[in-house]
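Chemist: In terms of the UniProt record's numbering, the sequence shown opens at residue 1 and continues consecutively.
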Amino acid sequence: MTTIVKDTIYALSSGNPPCAVSIVRVSGLCGERPIVPRRATLRAIRHPTTDEHLDDALVLYFPANNSFTGEDVLELQVHGSPAVVRDVLLALAHVPLAPLRPALPGEFTRRAFEHGRMDLNSCEALDALLRAETSTQRRLALQTGGGRQAQLYASIRKELLEAMVRVEAMLDFSDEDEIDDALWRPVCASVESLRARIRREIPQGKHSYLDAVLHGTRLVLYGRPNAGKSMLLNRLVRREAAIVSSEPGTTRDVVQVALELHGFRVLLTDTAGLREATGEIERIGITRTRTHVTEADLAILVCDAPDVCEMLGGVPPSGAWHIPKEALEQLGMLPTDAEVLVFMNKMDLVDAPPPADQGVPCTIWHGSALEDRGIDTLLAGLGELLQARHEAEMGEPPLVTEARHLHLLRHVLEALDTFATTFIEAPQPDLTLAAEELRHAAYLIGQITGETLAADEVLGGIFSRFCIGK
Numbered sequence: 001m002t003t004i005v006k007d008t009i010y011a012l013s014s015g016n017p018p019c020a021v022s023i024v025r026v027s028g029l030c031g032e033r034p035i036v037p038r039r040a041t042l043r044a045i046r047h048p049t050t051d052e053h054l055d056d057a058l059v060l061y062f063p064a065n066n067s068f069t070g071e072d073v074l075e076l077q078v079h080g081s082p083a084v085v086r087d088v089l090l091a092l093a094h095v096p097l098a099p100l101r102p103a104l105p106g107e108f109t110r111r112a113f114e115h116g117r118m119d120l121n122s123c124e125a126l127d128a129l130l131r132a133e134t135s136t137q138r139r140l141a142l143q144t145g146g147g148r149q150a151q152l153y154a155s156i157r158k159e160l161l162e163a164m165v166r167v168e169a170m171l172d173f174s175d176e177d178e179i180d181d182a183l184w185r186p187v188c189a190s191v192e193s194l195r196a197r198i199r200r201e202i203p204q205g206k207h208s209y210l211d212a213v214l215h216g217t218r219l220v221l222y223g224r225p226n227a228g229k230s231m232l233l234n235r236l237v238r239r240e241a242a243i244v245s246s247e248p249g250t251t252r253d254v255v256q257v258a259l260e261l262h263g264f265r266v267l268l269t270d271t272a273g274l275r276e277a278t279g280e281i282e283r284i285g286i287t288r289t290r291t292h293v294t295e296a297d298l299a300i301l302v303c304d305a306p307d308v309c310e311m312l313g314g315v316p317p318s319g320a321w322h323i324p325k326e327a328l329e330q331l332g333m334l335p336t337d338a339e340v341l342v343f344m345n346k347m348d349l350v351d352a353p354p355p356a357d358q359g360v361p362c363t364i365w366h367g368s369a370l371e372d373r374g375i376d377t378l379l380a381g382l383g384e385l386l387q388a389r390h391e392a393e394m395g396e397p398p399l400v401t402e403a404r405h406l407h408l409l410r411h412v413l414e415a416l417d418t419f420a421t422t423f424i425e426a427p428q429p430d431l432t433l434a435a436e437e438l439r440h441a442a443y444l445i446g447q448i449t450g451e452t453l454a455a456d457e458v459l460g461g462i463f464s465r466f467c468i469g470k
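1. Can you give me the Cβ contacts of residue 474 inside the same chain, cut-off strictly under 6 Å, excluding the 5 residues immediately before and after it?
2. Count the other C-beta atoms from every protein chain shown that fall within 10 angstroms of the C-beta of Cys-19, then say buried if there are 16 or more, exposed otherwise.
3. Give the single residue among Gly-263, Pro-102, Phe-419 whose Cα lies nearest to the Cα of Ala-385.
4. My assumption, with CB atoms under 8 Å, is that Tyr-209 sits in contact with Thr-271. Please give the rounded CB distance.
5. Check whether the segment 67 to 74 touches the segment 92 to 102, taking contact to mean three or more Cβ pairs, one atom from each stretch, closer than 8 Å.
6. Could you tell me whether the Cβ atoms of Ile-179 and Leu-409 are closer together than 9 Å?
7. What is the C-beta distance between residue 502 and Val-266, in whole angstroms, given that I count them as a contact (C-beta under 8 Å)?
8. Along the chain, where does the alpha helix (DSSP H) that runs through Gln-143 open and close?
9. Tell me which residue opens and which closes the beta strand (DSSP E) that Thr-217 is part of.
10. Out of Lys-229, Asp-307, Asp-211, Ala-112, which one is the CA nearest neighbour of Ala-403?
11. According to the Cβ coordinates, are Ser-190 and Ala-163 closer than 9 Å?
12. Sorted by chain position, which residues of the same chain lie with C-beta nearer than 6 Å to Arg-166's C-beta, five sequence neighbours on each side aside?
13. At what residues does the alpha helix (DSSP H) containing Ile-375 begin and finish?
14. Go ahead and pull the three-state DSSP assignment for Thr-8.
15. Can we say the segment 143 to 154 touches the segment 116 to 127, given the rule of at least three CB pairs closer than 8 Å?
16. With three or more C-beta pairs closer than 8 Å as the rule, is the segment 44 to 60 touching the segment 77 to 85?
17. Suppose you measure from the CA of Ala-44 to the CA of Val-257; what does that come to, to the nearest Å?
18. To the nearest angstrom, how far is the alpha carbon of Val-88 from that of Cys-467?
19. According to DSSP, is Gly-179 helix, strand or coil?
20. Quick check on this structure: which residue in Leu-413, Ala-435, Arg-389 has the alpha carbon closest to the alpha carbon of Phe-423?
21. Do Leu-298 and Leu-341 have their C-beta atoms within less than 9 Å of each other?
22. I'd like the ranges of any beta strand (DSSP E) spanning at least 3 consecutive residues and lying wholly in the UniProt domain "GTP-binding protein TrmE N-terminal" (8 to 117).
23. Taking the alpha carbon of Pro-37 as the point to measure from, which residue in Glu-414, Asp-51, Asn-66 has its own alpha carbon closest?
24. Skipping 5 residues on each side, what residues in its chain have a beta carbon closer than 7 Å to that of residue 485?
25. When you compare the CB positions of Ala-141 and Thr-449, do they come within less than 9 Å of one another, or not?
26. Using the C-alpha atoms, what's the distance from Glu-437 back to Arg-238?
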């Protein structure tokens, strides 16, 4: 796909200043005095109308056949101060080269796509890499752009087109009243093979590995007021993310913070303490707590160890801490589909051995958020728990990770399912309709790769996710 682009565009392509060096990229220009290609040259950068000296920079020129965008590209490696970058960008607006304008988000990458320098799959992989927050997200993004995914789509599309050719041949050359079994059976076998193959690439279930990696595991801290939930959250994320006070009911609304555990993104939520509300605001907060707990993937019941001792009538001499389910319910346990965990907090106030409980189906950790005890053990345990949940999938990470791709693949599967249920066992299948289902499936695969993308709003939606300068 090649598009003639007239505008010359420019933008800051490196991180925001201040920094040691900033890179300003210009694409589309055709200068009268080009410098030596792909060789860093020291030049004085001057304002085009006032001749003011703005900076001394390394300048690199990449001709269209050797550039990222497929156009002539100029890179200015300037000093990374806010003033230098701002003034260089402002000066570019006065260069007598029309039309020259600031780049839109993702416009450099879009031009690379339009000039055939990148396929759409590589563009989306780059976007995923730029947005990666965890090491696992980074690995998936690199895998997506590594070629295996492109090979998957190419082979699916090739098999669909071959099946279409067979059906079209049957339409053109077969007797209307007879189906050529030598042509028809390979078509049916291809469709069945593709259905099984695509099903394997679409993640199943609510708690899939892909969902945990890309969107995060929802982990909620809950319990009675003053159990130490907010301080525990601060210890887990190693910063003051939630307000901590000895006054019960301090947390009125949910506080959500993201962290990484063993490569997984975790959305950690602190909630209002569960008790009889003393006011309308607290009542709303408690209602939200119940909602978050019931929707969580994992829930940690934060218990006040002295309160547990009081409920049990004293510290268990054996240290077994057998906690009846009724007691846990009094401490704030809610009915939930999430796996329930317990953190026995404030162990510094109890003269007893660490707890070990077999009374309910939950995992118990112990420690003191105030004294920062047991936090590393809790983090390690949670990481191991996440790995155990997705151990089977972690050995062979999913190949298809983009939501847009998964959406289109599901529609491809629907088209193939329709073909299978309508035509494969039919005594006299309608070959015209069968060919149309295959054509539709191939068109959808082409939408994934960019081979059948015609709507500008589709491309605009993809590239608008990029930052300016990419």
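No residue lacks a Cβ here, since even glycine has one placed at the ideal position from N, Cα and C.
Modeler: Reading it off the structure:
1. This structure does not reach residue 474, given that the chain is present from 1 up to 470, and the question cannot be answered.
2. exposed
3. According to the sequence shown, residue 385 is Leu rather than Ala. For Leu-385, the nearest C-alpha among the options comes from Gly-263.
4. Contact doesn't hold; Cβ gap of about 27 Å is too wide.
5. no
6. no
7. The structure shown does not extend to residue 502, since the chain spans only 1 to 470, so no value can be given for it.
8. 135 to 144
9. 217 to 222
10. Asp-211
11. yes
12. Leu-183, Val-187
13. 375 to 389
14. strand
15. yes
16. yes
17. 46 Å
18. 19 Å
19. Per the sequence presented here, residue 179 reads as Ile, with Gly not at that position. The answer is coil: DSSP assigns Ile-179 none of H, G, I, E or B.
20. Ala-435
21. yes
22. 8 to 12, 21 to 27, 41 to 46, 53 to 62, 73 to 79, 100 to 102
23. Asn-66
24. In this structure the chain extends from 1 to 470, so residue 485 is not present and cannot be described.
25. no
26. 55 Å
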